[in-house]
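Note that the numbering used here numbers the sequence shown so that position 656 is 675, with each residue one more than the last. Only one structure is covered here, and it is reproduced in the block below.
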Amino acid sequence: MKNVADKLATTLWDLEGNPMGRFSSHSTASLRFTPDGTHLVSGGQHDNRVNVYTRAGQLVDTITVGSTWQRSPQRIALSPDGQSIVTADDDLEPPGLTIWNRAGGLERSLERFSGNLTNVAMAPDGTMFVTLAADRRVRIWSLAGRLLRSVSGHTDYPSALAYAPNGNYFASGGAEVIIWSRDGRSLATLNGFGNGANVLTFSSDSRFLFCGDGSGTVHVFDLKDRQARRIKAHDGRVEAIALHPSGRWFATGAAREHVRLWTIDGTLVAERKFPDKIVTPVGSAFALAFSGDGQHLVVGTSNRTETIQILDLNARLVASIKTSHSVVNAGSVLISPSGRWLVATVNNQIGIWDWSTRKLVRVLRGHSGRVEGLAFTPDERHLVSASHDSTARVWKVETGDSMALLSRGADWIMFTPDGYFDASHYGGELVAMVRGLEAFSVDQFATRLNRPDLVLRRLGVGSDEFIEHLELQHRKRLQRAGLRDDPAASEIEAPEVRLTSARREGKHALLEAEVQARAPLQSYQIYVNGVPTFPGSGKPLHGTAARVSERIELGQGLNTVEITAFDVRGVEAFRARWSSTYAGEGKGDLYFIGFGVARYQNPALNLQFADKDALDLANVMQRYQPHFRKVVVRTYVNEAVTVENIVKAKEVLRDARVDDTVVVFVSGHGAYDLSREATYYYATHNVDVKDLAGTAASFERIESLLRDIGPRRKLLLVDTCESGEIDDASRAEIEARRHAMGLDGRTSAALQSDRASRPRRVFLYDRDRYIYNDLTRRTGALVFSAAHAGELSFESPKIQNGVFTWEIVDALVSGKADVNRDGTITLDELQAYVSRNVAVKTGGLQRPTMDRDNIHQRFGFPVLR
20 MKNVADKLAT TLWDLEGNPM GRFSSHSTAS LRFTPDGTHL VSGGQHDNRV NVYTRAGQLV
80 DTITVGSTWQ RSPQRIALSP DGQSIVTADD DLEPPGLTIW NRAGGLERSL ERFSGNLTNV
140 AMAPDGTMFV TLAADRRVRI WSLAGRLLRS VSGHTDYPSA LAYAPNGNYF ASGGAEVIIW
200 SRDGRSLATL NGFGNGANVL TFSSDSRFLF CGDGSGTVHV FDLKDRQARR IKAHDGRVEA
260 IALHPSGRWF ATGAAREHVR LWTIDGTLVA ERKFPDKIVT PVGSAFALAF SGDGQHLVVG
320 TSNRTETIQI LDLNARLVAS IKTSHSVVNA GSVLISPSGR WLVATVNNQI GIWDWSTRKL
380 VRVLRGHSGR VEGLAFTPDE RHLVSASHDS TARVWKVETG DSMALLSRGA DWIMFTPDGY
440 FDASHYGGEL VAMVRGLEAF SVDQFATRLN RPDLVLRRLG VGSDEFIEHL ELQHRKRLQR
500 AGLRDDPAAS EIEAPEVRLT SARREGKHAL LEAEVQARAP LQSYQIYVNG VPTFPGSGKP
560 LHGTAARVSE RIELGQGLNT VEITAFDVRG VEAFRARWSS TYAGEGKGDL YFIGFGVARY
620 QNPALNLQFA DKDALDLANV MQRYQPHFRK VVVRTYVNEA VTVENIVKAK EVLRDARVDD
680 TVVVFVSGHG AYDLSREATY YYATHNVDVK DLAGTAASFE RIESLLRDIG PRRKLLLVDT
740 CESGEIDDAS RAEIEARRHA MGLDGRTSAA LQSDRASRPR RVFLYDRDRY IYNDLTRRTG
800 ALVFSAAHAG ELSFESPKIQ NGVFTWEIVD ALVSGKADVN RDGTITLDEL QAYVSRNVAV
860 KTGGLQRPTM DRDNIHQRFG FPVLR
């Protein structure tokens, strides 16, 4: 049986084409039978409804989807049991997927990606590029694949983009044109376009912005005098615009391959178009580019026989390039800066031709959707493309190697065709690895495939020092996991863990599981609320199959228990999960260990209040005595803060139990050493800035206080900064602003003396890269830091504390952070309160950040009255 729907009726047919029935429905976009064939499910064209009918045509259910016609359910799909309905709308900004139950209840909305990428532009210095997307956002990327910023501002689908040659600003166009600073701040908005701003280009001196709109008008904006003039170029939409290298002429492209050449003041000097009497379907002149010597104009079209047309300055055709495609969509043409290469997009491919010989040199394949934009780096070693498949790609021109870039919200991922990737902190959630119909999380293979060093080295992007640093992070991760580096271990196979039995017996969980793998097994681990139960990478396993049985102590409240396994390649299984709530009575203990150094052996390093920070926060913790079974406080200040004492401090936690809470606090100087690993250190009292490794405490050593201990509620507070690699100009600006606000930075010239002759390693501030994730979650602790990477941490004589510590104390003592007034300040409430107030008090110079690798951990502190 098949069905066909006209606008307001649905007709049923048998397989011979005979009508079996007809009933009134709605304007129908898609139809599906339920698996048992008893009902029809219909997605509406414009009415935002999904209707469920019996085969006889009786309406039995209606689900309302979306609030505007663009969000109507253009596509629908049913689950195998017929109880869930997936709807997809047809909005360009971008389309969304929603899962509903048959009763009309919302089960889940799938978060959207950016949608079609519509354009790309390269900064003149080649260090970063900009993309536009259907979600109306403007994204700024580093050439090394990191999403630097994502900003909004357009009211409609934007497609026009151009970077000013001076490198100070760029422009994007949709319903309006927005001028943006290099770092993504909106500088100006231009309006008055007929049917939107379609194409943009800047004059060579960056003063004039040319904009072709949907009504056929070219707007020329003088950005200095803020004047505009308008030239009626075509009867219909201006599809393309290009400025002659001399700045004396410009060209426009429109429907029916119509190309016109103009003087800069708007006088028409030449044109080429199909005669009106020829009725054969003819596409537009989609893209234009002048040759470097200014003698020719290249036109990209959808013409199958003359796809790429080369015109002289009288608009006469002198040569053309034909492609082998039966259907042609030419989205962009480009002449490289030196004039050596002609690059053009045809559908989802990119062709590179030698301009002098017109011979095809290379075809770049990798996109799955139409390619709309191209941009060269100044040295012509790399090409960036933007596609309707939602990705941008960075290509190495010499080899054709590429990496794809994808983003959603603030998260991003870059990946190669053979699976190597890097991403933002949570960017691994954006894609999956697929083998047949099996899907695997990239997190499972991250130990092997999270290799930004390989990606960047292959593409020739990034400094040698940066790439070496990334490689060392990978090797450090392998060492922590007890793995060898095996380049051959890249097959997509993951261990499987099946929980065969799980039950609660009093305060303990009794668990049994089966583990199977194709590669030899190495270990298994059990997490409770994100905290590992066994030391290191877990308990050892051997062979390719095993049965495990464990008795695990539960904590008060909800316990989310996860069992996982690793093979010898470091590939992790999907975690088998089970939850249980233990409602036992009794209070836990509170442990506080604080370190603060204001007086250093080297007086040049002295601060004012870092020691007082530790003592003040310790006093607050003492006040929690009525709320815990006992409160244990240990503080180490000034001379007492040594590496030896930091190690010994763990003895305080020897008898701590599952339901206890541990807070570790450090305050003082922090700095990266000059090694290739660029290890971050906390400066102890006797620190030698020329020997951080021998005299200071690494951040990993600080974290080790929270590793392999009983308590699962663990918080690390860090009031230091990571500003040692800030360039001199930025440091001078910060100094001027902090002085005006009466703030003192927790930094010292003594920490900079051995770095003055070295290039700044600004890549150390890209700490949101996935390569820095602790894949084994060895502590399960939450880390609340005083500042983002690259920012200073400040203290002030007015409050006689570090600003970060002051706000933590205020949050706990005043109760102002208790937003819902339930008597408990959760860590979410603490983070929000402290982060907001610190940013306000420092004029945005200092912004605290919470590392939330452990998404299951939820606890807080009672409000002190």
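Each residue gets a CB set at the ideal place from its N, CA and C atoms; glycine is no exception. As the structure is a prediction and not an experimental result, all values here were calculated from the model.
The segment 620-627 makes no contact with the segment 574-585, as fewer than three CB pairs between them are under 8 Å. Per DSSP, reduced to three states, the secondary structure at residue 718 is helical. Within the same chain, Cβ atoms closer than 8 Å to the Cβ of residue 879 are found at 843, 844, 845, 846, 848 and 849, the five residues on either side in sequence being excluded. About 25 Å separates the Cβ atoms of residue 688 and residue 788, ruling out a contact at the 8 Å cut-off. For residue 854, the uninterrupted alpha helix (DSSP H) run begins and ends at 846-860, by DSSP.
In the three-state reduction of the DSSP assignment, residue 834 falls in the coil class, being assigned neither a helical nor a strand state. Residue 823 carries a helical assignment under DSSP once its states are collapsed to helix, strand and coil.
For residue 140, the three-state secondary structure derived from DSSP is strand. Secondary structure at residue 657: helix, using DSSP grouped into helix, strand and coil.
Our two residues, residue 543 and residue 793, have alpha carbons roughly 17 Å apart in a direct line. Approximately 7 Å separates the beta-carbon atoms of residue 427 and residue 133; this is inside 8 Å, confirming the contact. Here the alpha carbons of residue 769 and residue 400 stand approximately 41 Å from one another.
Per DSSP, the unbroken alpha helix (DSSP H) holding residue 493 starts and ends at 483-500.
Here residue 631 is buried: its Cβ has 16 or more other Cβ atoms, across all protein chains shown, within 10 Å.
Where residue 881 is concerned, the enclosing beta strand (DSSP E) starts and stops at 879-881. The straight-line gap separating the alpha-carbon atoms of residue 28 and residue 77 is approximately 13 Å. Annotation note: the segment 265-294 contains the following uninterrupted beta strand (DSSP E) runs of length 3 or greater, listed N- to C-terminal: 268-273, 277-282 and 287-291.
Residues of the same chain with a CB within less than 8 Å of the CB of residue 46, apart from the 5 flanking positions on each side, are 26, 27, 63, 64, 65 and 66 in chain order.
Shown here, residue 339 sits in a strand according to DSSP, grouped into three states. Proximity of the segment 700-709 to the segment 636-646 falls short of the contact definition, fewer than three beta-carbon pairs being nearer than 8 Å. Boundaries of the beta strand (DSSP E) harbouring residue 232: 227-232, taken from the DSSP string. Its Cα nearest to that of residue 534, the residue 561 stands out among 56, 561, 547 and 655. Taking 7 Å as the cut-off, the Cβ atoms of residue 590 and residue 513 count as close. The criterion of a C-beta distance shorter than 7 Å is not satisfied by residue 699 and residue 684. Residue 269 holds the alpha-carbon nearest to the alpha-carbon of residue 282 among 269, 275 and 292. Listed in chain order, the beta strand (DSSP E) elements of length 3 or more contained wholly in the segment 341-398 are 352-354, 360-365, 368-373, 378-383 and 390-395.
In the DSSP annotation of this structure, the continuous segment of the alpha helix (DSSP H) that includes residue 639 starts and ends at 629-641. Here DSSP, grouped into helix, strand and coil, assigns residue 236 to strand. Less than 7 Å divides the Cβ of residue 810 from the Cβ of residue 865. Between the segment 428-436 and the segment 162-177 there are three or more inter-stretch CB-CB distances shorter than 8 Å, so the stretches are counted as touching. About 5 Å separates the beta carbons of residue 522 and residue 529, which is inside the 8 Å limit, making them a contact pair. Residue 120 is bridged by DSSP to 103. Restricting attention to 421, 380, 435 and 191, the CA atom closest to the CA of residue 207 is found in 191.
When the alpha-carbon of residue 257 is set against those of 187, 120 and 237, the nearest one is in 237. Using a Cβ distance threshold of 7 Å, residue 364 and residue 355 do not count as a contacting pair. With fewer than 16 other CB atoms across the displayed protein chains lying within 10 angstroms of its CB, residue 254 is exposed.
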